[in-house]
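Trainee:
The following block contains the structure:
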(Lines of atoms letter the chains of each structure in order from A and count residues from 1; the text may use other names and numbers.)
(Lines give C-alpha, C1' and ligand atoms only; values in the text may rest on other atoms or scores of the structure.)
Protein backbone atom coordinates (compact mmCIF):
# COMPACT_ATOMS: atom_id res chain seq x y z
CA UNK A 1 0.00 0.00 0.00
CA UNK A 2 1.30 3.48 -0.90
CA UNK A 3 1.47 5.69 2.21
CA UNK A 4 -1.24 8.32 2.22
CA UNK A 5 -0.10 11.93 2.17
CA UNK A 6 -2.28 14.37 4.07
CA UNK A 7 -3.42 17.39 2.08
CA UNK A 8 -1.18 20.43 2.56
CA UNK A 9 -3.00 23.74 2.72
CA UNK A 10 -0.95 26.90 2.15
CA UNK A 11 -1.76 30.22 3.81
CA UNK A 12 -1.65 32.18 0.55
CA UNK A 13 -4.15 29.81 -1.19
CA UNK A 14 -2.27 29.92 -4.51
CA UNK A 15 -4.83 27.94 -6.54
CA UNK A 16 -8.02 29.59 -5.30
CA UNK A 17 -9.88 29.96 -8.59
CA UNK A 18 -12.90 31.89 -7.30
CA UNK A 19 -10.59 34.66 -6.03
CA UNK A 20 -9.40 36.71 -9.01
CA UNK A 21 -7.65 39.50 -7.10
CA UNK A 22 -6.19 39.31 -3.62
CA UNK A 23 -3.56 40.82 -1.39
CA UNK A 24 -1.53 38.53 0.87
CA UNK A 25 0.67 39.46 3.80
CA UNK A 26 2.03 37.71 6.87
CA UNK A 27 4.06 38.33 10.00
CA UNK A 28 5.65 36.29 12.77
CA UNK A 29 4.50 37.28 16.27
CA UNK A 30 5.90 36.32 19.64
CA UNK A 31 3.76 37.42 22.58
CA UNK A 32 2.27 36.06 25.77
CA UNK A 33 -1.07 35.30 24.06
CA UNK A 34 0.28 33.96 20.74
CA UNK A 35 3.53 32.83 19.19
CA UNK A 36 3.46 31.91 15.53
CA UNK A 37 2.65 33.28 12.11
CA UNK A 38 -0.40 35.34 11.24
CA UNK A 39 -1.36 35.55 7.58
CA UNK A 40 -3.96 37.73 5.91
CA UNK A 41 -5.71 37.35 2.57
CA UNK A 42 -7.65 40.42 1.46
CA UNK A 43 -10.22 39.10 -1.05
CA UNK A 44 -10.42 42.09 -3.37
CA UNK A 45 -12.33 40.44 -6.23
CA UNK A 46 -14.10 37.09 -6.47
CA UNK A 47 -15.96 35.42 -9.33
CA UNK A 48 -18.76 34.27 -7.03
CA UNK A 49 -19.71 34.35 -3.38
CA UNK A 50 -19.36 31.23 -1.27
CA UNK A 51 -22.15 30.51 1.19
CA UNK A 52 -21.89 27.49 3.50
CA UNK A 53 -24.55 25.77 5.57
CA UNK A 54 -24.09 24.74 9.21
CA UNK A 55 -27.27 22.92 10.20
CA UNK A 56 -29.95 25.60 9.68
CA UNK A 57 -27.46 28.51 9.45
CA UNK A 58 -26.27 29.92 6.13
CA UNK A 59 -23.02 31.86 6.33
CA UNK A 60 -21.30 33.75 3.52
CA UNK A 61 -17.55 33.18 3.90
CA UNK A 62 -16.20 34.48 0.56
CA UNK A 63 -17.10 37.69 -1.22
CA UNK A 64 -15.31 40.72 -2.60
CA UNK A 65 -14.07 42.81 0.32
CA UNK A 66 -13.88 39.89 2.75
CA UNK A 67 -10.68 39.23 4.72
CA UNK A 68 -9.36 35.89 5.93
CA UNK A 69 -6.92 36.02 8.85
CA UNK A 70 -5.07 32.80 9.65
CA UNK A 71 -3.21 31.99 12.87
CA UNK A 72 -0.50 29.32 12.64
CA UNK A 73 0.48 28.76 16.29
CA UNK A 74 3.97 27.34 16.87
CA UNK A 75 2.46 24.93 19.40
CA UNK A 76 -0.64 22.79 19.05
CA UNK A 77 -2.17 20.94 16.17
CA UNK A 78 -4.55 23.45 14.70
CA UNK A 79 -4.80 26.53 12.52
CA UNK A 80 -7.43 29.22 13.10
CA UNK A 81 -9.01 31.15 10.22
CA UNK A 82 -11.10 34.18 11.13
CA UNK A 83 -13.40 35.37 8.35
CA UNK A 84 -14.33 39.07 8.27
CA UNK A 85 -16.99 40.55 5.99
CA UNK A 86 -16.62 43.78 4.00
CA UNK A 87 -17.63 45.75 7.12
CA UNK A 88 -14.82 44.14 9.18
CA UNK A 89 -17.33 42.16 11.23
CA UNK A 90 -16.39 38.61 12.19
CA UNK A 91 -18.47 36.11 10.23
CA UNK A 92 -16.93 32.94 11.71
CA UNK A 93 -13.89 31.35 13.29
CA UNK A 94 -12.87 28.13 11.54
CA UNK A 95 -10.37 25.82 13.23
CA UNK A 96 -8.62 23.17 11.16
CA UNK A 97 -7.13 20.30 13.15
CA UNK A 98 -3.77 19.43 11.62
CA UNK A 99 -0.81 17.11 11.92
CA UNK A 100 2.27 19.13 11.14
CA UNK A 101 2.85 22.70 10.08
CA UNK A 102 5.71 24.03 8.04
CA UNK A 103 6.72 26.65 5.58
CA UNK A 104 7.66 26.65 1.91
CA UNK A 105 9.49 29.67 0.54
CA UNK A 106 8.38 31.62 3.59
CA UNK A 107 4.67 30.75 3.27
CA UNK A 108 3.16 28.66 6.11
CA UNK A 109 1.21 25.47 5.45
CA UNK A 110 -0.41 22.68 7.43
CA UNK A 111 -1.36 19.04 6.86
CA UNK A 112 -5.12 18.76 7.27
CA UNK A 113 -6.32 16.05 9.70
CA UNK A 114 -9.97 16.27 8.59
CA UNK A 115 -11.62 17.45 11.85
CA UNK A 116 -12.80 21.06 11.94
CA UNK A 117 -14.55 23.36 14.37
CA UNK A 118 -16.67 26.35 13.41
CA UNK A 119 -17.57 28.99 15.97
CA UNK A 120 -20.02 31.73 15.05
CA UNK A 121 -20.12 35.14 16.76
CA UNK A 122 -23.40 34.02 18.36
CA UNK A 123 -21.40 31.40 20.30
CA UNK A 124 -22.75 28.45 18.30
CA UNK A 125 -20.16 25.70 17.80
CA UNK A 126 -20.22 23.14 14.99
CA UNK A 127 -17.98 20.07 14.83
CA UNK A 128 -17.31 18.97 11.27
CA UNK A 129 -15.94 16.00 9.36
CA UNK A 130 -15.81 13.27 12.02
CA UNK A 131 -16.99 10.90 9.29
CA UNK A 132 -14.03 11.83 7.06
CA UNK A 133 -11.54 11.07 9.84
CA UNK A 134 -13.29 7.76 10.62
CA UNK A 135 -13.14 6.78 6.97
CA UNK A 136 -9.46 7.78 6.72
CA UNK A 137 -8.68 5.55 9.72
CA UNK A 138 -10.64 2.60 8.32
CA UNK A 139 -8.90 2.91 4.95
CA UNK A 140 -5.45 3.16 6.51
CA UNK A 141 -4.97 6.73 5.33
CA UNK A 142 -4.18 7.84 8.89
CA UNK A 143 -2.70 5.88 11.74
CA UNK A 144 -4.49 5.40 15.06
CA UNK A 145 -1.91 7.78 16.57
CA UNK A 146 -2.94 10.58 14.17
CA UNK A 147 -6.61 9.72 14.68
CA UNK A 148 -6.18 10.06 18.44
CA UNK A 149 -4.11 13.25 18.07
CA UNK A 150 -6.94 14.83 16.05
CA UNK A 151 -9.54 13.92 18.68
CA UNK A 152 -7.34 15.07 21.57
CA UNK A 153 -6.75 18.45 19.88
CA UNK A 154 -10.45 18.83 19.12
CA UNK A 155 -11.44 18.02 22.73
CA UNK A 156 -8.84 20.41 24.12
CA UNK A 157 -10.08 23.23 21.88
CA UNK A 158 -13.74 22.52 22.70
CA UNK A 159 -12.95 22.78 26.42
CA UNK A 160 -11.09 26.08 25.93
CA UNK A 161 -13.98 27.47 23.89
CA UNK A 162 -16.54 26.30 26.48
CA UNK A 163 -14.47 27.93 29.24
CA UNK A 164 -14.10 31.12 27.17
CA UNK A 165 -10.36 30.54 27.37
CA UNK A 166 -9.26 30.50 23.72
CA UNK A 167 -7.24 33.72 23.41
CA UNK A 168 -7.07 33.95 19.62
CA UNK A 169 -10.76 34.80 19.30
CA UNK A 170 -10.05 37.97 21.28
CA UNK A 171 -6.91 38.79 19.25
CA UNK A 172 -8.48 38.33 15.80
CA UNK A 173 -9.48 41.95 15.15
CA UNK A 174 -6.23 43.32 16.53
CA UNK A 175 -4.12 40.98 14.40
CA UNK A 176 -6.22 41.68 11.29
CA UNK A 177 -5.76 45.42 11.75
CA UNK A 178 -2.01 44.93 12.23
CA UNK A 179 -1.64 43.11 8.93
CA UNK A 180 -4.27 45.06 7.01
CA UNK A 181 -2.38 48.30 7.62
CA UNK A 182 0.92 46.95 6.20
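In our numbering, the protein residues as written are -7 to 174.
Even for Gly, the Cβ is constructed at its ideal location relative to N, Cα and C.
1) Between the alpha carbons of residue 125 and residue 119, how many angstroms are there, rounded?
2) Specify, as a first and last residue, the run of the alpha helix (DSSP H) that residue 151 falls within.
3) Quick check on this structure: which residue in 96, 47 and 20 has the alpha carbon closest to the alpha carbon of residue 170?
4) DSSP three-state label for residue 113, please.
5) Kindly list the residues whose CB is nearer than 7 Å to the CB of residue 160, restricted to its own chain and excluding five residues on each side of it in sequence; keep chain order.
6) Please confirm if the region 80 to 95 is in contact with the region 142 to 149, defined as three or more CB-CB distances below 8 Å between the two stretches.
7) When the Cα atoms are used, what is the spatial distance from residue 15 to residue 74?
8) Measuring straight from C-alpha to C-alpha, what distance separates residue 79 and residue 165?
9) Can you name the start and end residues of the alpha helix (DSSP H) that residue 128 belongs to?
10) Starting from residue 160 and walking both ways along the alpha helix (DSSP H), at which residues does that stretch end?
11) Among the residues of its own chain, which have a CB less than 7 Å from the CB of residue 99, if the five just before and after it don't count?
12) May I ask you to report which of helix, strand or coil DSSP gives residue 31?
13) Using C-beta distances below 7 Å, list every residue in its chain close to residue 113, excluding the 5 sequence neighbours before and after it, in chain order.
14) How is the beta strand (DSSP E) around residue 74 delimited, first residue to last?
Mentor: So, from the data block:
1) 12 Å
2) 136 to 154
3) 20
4) coil
5) 26, 63 and 72
6) yes
7) 16 Å
8) 12 Å
9) 122 to 130
10) 159 to 172
11) 2, 3 and 4
12) strand
13) 82
14) 70 to 76
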